[in-house]
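Numbering (the working numbering), first residue to last: -16 to 122.
Glycine included, C-beta positions come from ideal geometry on N, C-alpha and C.
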């Protein structure tokens, strides 16, 4: 599957664990707060994600972090989450202020949640099937 560069102009791509309820909730949270559709999505389990991760120098198939691809740069863990918030409509960009917290502390909290996400939020046996309105935002 070929990702067309013009389709990604001024867009960010969020790669999520498609079976994780917390990650699915993140998609449902972002969509109404990004009415211009500048953020696209793909499950980490997909071929397109494998290609994007490989092209970005990440290990494909690694499911323990959300990945944000933005302007040719790859962000993971807390940096990805904060940069996603920065792209949403007001008041969510204010959350980017947490970037002043040293990354090791932010990422430690991120990893704690990531390690326990299935236990705390649940998971599905297969990737979520997007609704028709959400489907157009998936690669």
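Item	Value
CA-to-CA distance, residue 115 to residue 91, given in whole angstroms	36 Å
In DSSP terms, what residue 58 is bridged to	51
C-alpha distance - residue 21 paired with residue 102, whole-angstrom precision	31 Å
Cβ-based burial, residue 120 [other Cβ within 10 Å; buried from 16]	buried
Under 7 Å between C-beta atoms of residue 42 and residue 63	no
Three-state secondary structure assigned by DSSP to residue 21	coil
Buried/exposed call for residue 61, threshold 16 Cβ in 10 Å	buried
Buried or exposed by the 16-neighbour rule on C-beta atoms within 10 Å, applied to residue 32	buried
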